[in-house]
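Following this note's numbering, the numbering of the sequence shown begins with 56 at its first residue and continues without gaps.
Structure, as structure tokens:
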Amino acid sequence: MEKSRRRCTSDAMKTREMKIMNQGLEDEMEVWGYRPCLWKRILVGVGSVCSGGLLLLLLYWLPEWGVKGTCTHTSLRDAHTLLLRTTDEFKQWFRAKVHVMSGPGERPFDSLDLQSTTQVANGDLGVSTTREEHHGKLRQPVQIHYFTHHSTKYYWNDVMQNFEFYKGLEDVKMSCVSIHSDHSSGLPKTLQDYRRLFFGENEIAVRVPSLFKLLIKEVLNPFYIFQLFSVILWSAEDYYYYATAIVFMSVISIATSLYTIKKQYVMLHDMVAAHSVVRVSVCRESKDIEEAMSTDLVPGDVIIIPANGMIMPCDAVLTHGTCIVNESMLTGESVPVTKTSLPTSGEEAARSFNMEEHKRHILFCGTHVIQTRFYAGELVEAVVVRTGFSTEKGQLVRSILHPKPTDFKLYRDAYLFLLCLVGVAGIGFIYTVILSVMNKVPAKTIIIESLDIITITVPPALPAAMTAGIVYAQRRLRRVGIFCISPQRINMCGQLNLVCFDKTGTLTEDGLDLWGVQTAEGGRFLPPEADPAKESLVNTVFVACMATCHSLTKIEGELSGDPLDLKMFSATGWILEEPTEEETALHNPIMPTVVRPPKHNPLTHSTELSELPSCEIGIVRQFPFSSTLQRMSVVVRRLGDKHMQAYLKGAPEVVANLCKQHTVPHSFTETLETYTRQGFRVIALAHRQLESKLSWHKVQSLGRDLIETNMEFIGLIIMQNKIKEETAGVLLELRQANIRTLMVTGDNMLTAISVARDCGMVRADEKVIIADAAPPKDFHPASITWHYTENPAQTHQDHQTVEINLEDAVSERVTPQDQNYHFAVTGKAFAVITEHFPQLVQKLVLRATVFARMAPDQKTELVEVLQSIDYTVGMCGDGANDCGALKRAHSGISLSELEASVASPFTSTTSNISCVPHLIREGRAALITSFCVFKFMALYSIIQYLSVTLLYSILSNLGDFQFLFIDIAIILIIAFTMSLNPAWKELVRQRPPSSLISGRLLCSVLTQIVTCLVFQVLAFLLVRQQSWYETWTPQSDACNVSRSSLSHSPNVTSPHDHKNIKNYENTTLFYVSSFQYLAVAIVFSKGKPFRQPSYKNWPFMLSCISLYTFVLLIMLYPVPAIDSFLEIVCVPHDWRVTLVIIVIVNAAASFVLEEANDRWASSFLLWLFCRRNKPPRVSYTQLALGLRDAADWPPRPSAVTYARDLQSHTSAAL
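Below, the structure written as structure tokens:
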């Protein structure tokens, strides 16, 4: 009882000692505190000396053991060393040293006075807005404990009793208004220096390690230590040639690796260093402006953005003015983005400042500010929010410097397989020791030969051979314009069984063509017009809205901006003019940008428009497009008018909700549906006349929510988005290969469904069920209404409108046996379902094909949900709003041609989805190649292990040059050429295996091992039964001496050859094993259905034929010089013919067994282990089987599912 209580107390203490850092974040870690322990260090020192440094190496490879072996547990507060472990599936260990510095405060946003700042129990930073420079008494210096991990500094927080890291100004929980009021005047120098203690210099420092450091790190890799051990052992055995060959290979491997790593560091350093240190103008609290280096900036500093732009050295929020920014460095999208100042009034200004929510006001580090827009006497100012590695660019660089390990079953299984080989080596080790002791072999020989078995069983060339297939695949991908920054992911592509596609720019053409416009007047739609530039429309509010409601700007005289905006503006025929800096200062204008109809327009001479200036419109304020709000707006003034106007454009459903209901045509829903069903993209326009009392300064401070309300609906713009000609063919190829395809878009639901049908993602005979979810409201629970859309084959050709949920068109629900249905979900519905119907999410995504109006973070969330049900997910997008999903997917393919798009593991220079089948085919080929090479290398080590073990029984071994010939001439050449098979020309339904520890693969390896063992033992025993057999001596000549004169003495060590290399058993096994290596290479080198046949791989075939010919020739027609070099002895011609027969039968048996394994192994193993009816392993298949006979799934037409029931009770709508 007492022991149990002590154990519980001990466990509780350990639990208390462990803390969670970065809780809920991607880099969440467990942390323990340790302090040095003298007696443990002494013990480790003694152990290291006794083990010849091996103990130190072990502690270096295993940080957990290294810390626990030299330190004792202590509290985090008193720790000298920290032990960190990630909480993800990899459970990586790290150690970190705790440092101490002195400072006038404990936290970066403390005020430098005698008053202690507010400390909040949950760890939120105390708010301090003191701006006085204190030259008097400062608080007593305090000790600040911190450590650095993966380029991030963590500081001790006494309140939290844990370490935390500071992102920047956003850590001070504040509203947008408070940024303007408390942080827009600049920092005093004292406060800036104090904050720099915590945030350090503002630079993303990519330190390029010295070659010596890189060399030491590379050489201490367990693989090279094993190589060193092998070389020392071989040298002790006088195997100098082979040892030299291995050293030569290792040196080349290390040199190549060092060159590659150094080059990557230098490239990353140069990419980051470019424009990272610049001179900036900083505002001080005293209103002074001083020049400073960007490295001196800290969160809270106010910088001035020059008129001609700059490369941003930090993340900063715009407080005054407007900027045009190129963010291609971060997003891969080269379209200039307009950034506006942070709102100072309205509902949005009162909200808490958030980097994600307010990113349209933030200038991110590394992005290029092309130009600024400002007004007379005003500067474009921004408040620094984040610096260094905390910035968006810094986090991107950090993810490149410290990537997560690639989780793939193949690599985990490879380690297990190697452990099995180590186990086999252990058996050989024990066997050799026992045999040698029984034969009274000297102790030195016993040690050397026992350890030699280990170096034989674990192949030293395995990692290089495994990498070859991936390198070749990467080279082939580069030829078809697919570039890869994460080669290990190529193997993952071979397992893809689901691919998500963005719509615009991916499945469809990037540019939209204007199909026409449909204006609204008096609550009804007018007939559609093809050309908005026609005379009757030029002076309408509709065309004025098209001409002004955009984010276009002129860069070097050329209009630049969003392609959609460009297409709309060019359709009006209007002209955009931006004033110069001199004009702005001279006239103190209220309009920085002016648009007007062309001068040659006949309307400009009409009686109604006798004065030209009245046609000119100035853009006073712009609210940029927000993907969250799905709209943008502008405030304009027509020259000569007293009133300002507000124009709005956006998603039709959103715009209609912001308009006065009487101005929205009654047929709005039906008209919108008519267009979206045909695949058109529809944009709605609205306008509003503002009050005359609104001045320019008042407009600049108004929130968009006050402007974008009580609008008047003025019509629709209908854009045509054509499907790329390659799209349908690629999707059909993927469907035939049993690879599921999804569409994830930010576009309208019905447009997305129409495109899905047109491109074949949803076939004509398949039904689409829209899951329309509503959040809880007015005591009503959250609900999902299931709308069945009509089949296009049943659509009437006239323009009569059709309801979305057509009970008449779909008179009966989809039966459980009829699986031809797809779900379609909007981003809003997806959010509601994930929050209120978590039990339905997996069931829904199993059959959902269209996801519309999805925000960027929702795309990422969807990828995670699909991965949670065991899909191997690919994502193909344009790299702009798909960055998160591209990173999260197992294989992300960006169609952006910009090399700066580092969000995706793969980037295609081909701007269509034809790259996807290419990538999957190459992935499958690389995966099968990895399996082939691994199996071959495993068989190579086992074959050699069998040969050596048999020879050890007669106290013999393979010769130095025999090892050299096998390992260099046969194994390396074959291993590197068998990886050259190109991918098969088409995708097949069959999917390659993902595991080495699968019954079929193990069966293949084991049958080949048994075959090789049988034929080696057979040859070994048969040679000893031959009538000419004798103990070989230099005088022996079995080829010519008459058989009757030969004695049958036992084979013992010859005094002429103390290693007993030259004997008949050795020669026989050398010949047989040489052919066995080549036989298993050909047997394992699979072609169809994932790779081209081996006969098309001419380097491999040439190598095999050459080696076969060479070994056959030296066996049948011995050459004395070669025999002497390889230390093989002459045997009678009859025995040579016998060996040829043994080799042929061996090769035939290997081939037949492998064929039988391919055809029947899976079925046989299922029968043998009675697993024929075992449920499938993958979750999505289990889920599909469970839903196949479900009576309530899919729900009936217009059924409503409520969240109030945990069982999701579904009731049919009456």
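Note that the Cβ used here is the ideal one computed from N, Cα and C, for glycine as well.
With a threshold of 8 Å between beta-carbons, can residue i be considered close to chain C, or not?
i: N1212; result: Annotation note: the requested chain C is absent from the structure, which comprises a single protein chain.
Out of curiosity, what's the CA-to-CA distance linking residue i and residue j?
i: A741; j: F624; result: 16 Å
i: T141; j: L562; result: 39 Å
i: P196; j: G158; result: 5 Å
i: K208; j: F267; result: 26 Å
i: A1038; j: E890; result: 43 Å
i: T127; j: F218; result: 20 Å
i: M906; j: S1059; result: Correcting the residue type first, residue 906 is Phe in the shown sequence and not Met. The alpha-carbon atoms of F906 and S1059 are separated by roughly 43 Å.
i: Q543; j: F253; result: 37 Å
i: F145; j: S959; result: 22 Å
i: R96; j: H135; result: 15 Å
i: E436; j: G628; result: 35 Å
i: I75; j: R150; result: 15 Å
i: S103; j: M73; result: 30 Å
i: V691; j: D248; result: 44 Å
i: V1069; j: L1077; result: 12 Å
i: L1061; j: I259; result: 53 Å
i: R693; j: F408; result: 35 Å
List the DSSP bridge partners of residue i.
i: A755; result: This sequence places Gln at residue 755; Ala is not what is there. The partner list for Q755 (beta bridge, DSSP) is empty, contrary to what the question assumes.
i: K208; result: T203
i: Y10; result: Nothing in the structure corresponds to residue 10, since the chain is present only between 56 and 1269.
i: G223; result: R441
i: S688; result: F678 and L703
i: A575; result: F580
i: G947; result: M930
i: I417; result: V372
i: Y1119; result: None, per the DSSP bridge assignment.
If the criterion is Cβ atoms closer than 8 Å, does the pair residue i and residue j meet it?
i: V357; j: C338; result: yes
i: C604; j: Y702; result: yes
i: F794; j: N552; result: In the sequence under discussion, the amino acid at residue 794 is Ile, which differs from the Phe named in the question. Yes; because the gap between Cβ atoms is below 8 Å, this pair is in contact.
i: E986; j: P1048; result: According to the sequence provided, residue 986 is Phe. The question's Glu does not apply to it. Yes, they are a contact pair.
i: T427; j: T377; result: yes
i: L797; j: T904; result: yes
i: V650; j: A602; result: yes
i: A886; j: Q922; result: no
i: I769; j: A575; result: yes
i: N257; j: S349; result: yes
i: V302; j: V327; result: no
i: F1031; j: A523; result: yes
i: V424; j: M365; result: yes
Let's test the definition: count the other Cβ atoms within 10 Å of the Cβ of residue i and tell me whether it reaches 16, buried, or not, exposed.
i: L901; result: buried
i: L786; result: buried
i: W1083; result: buried
i: K394; result: buried
i: F472; result: buried
i: D820; result: exposed
i: P836; result: exposed
i: P1175; result: exposed
i: P720; result: buried
i: W1153; result: exposed
i: Q78; result: exposed
i: P514; result: buried
i: F1206; result: exposed
i: V1065; result: exposed
task: Can you check the stretch 742 to 786 for any beta strand (DSSP E) of at least 3 residues that lies completely inside it and give the ranges in chain order?
output: 767 to 775
field: Uninterrupted beta strand (DSSP E) stretches inside the stretch 318 to 392 (no shorter than 3 residues)
entry: 334 to 338, 344 to 348, 357 to 359, 370 to 375 and 377 to 381
query: In chain order, which beta strand (DSSP E) runs of at least 3 residues are fully inside the stretch 77 to 158?
result: 84 to 91, 126 to 129, 136 to 141, 148 to 152 and 154 to 158
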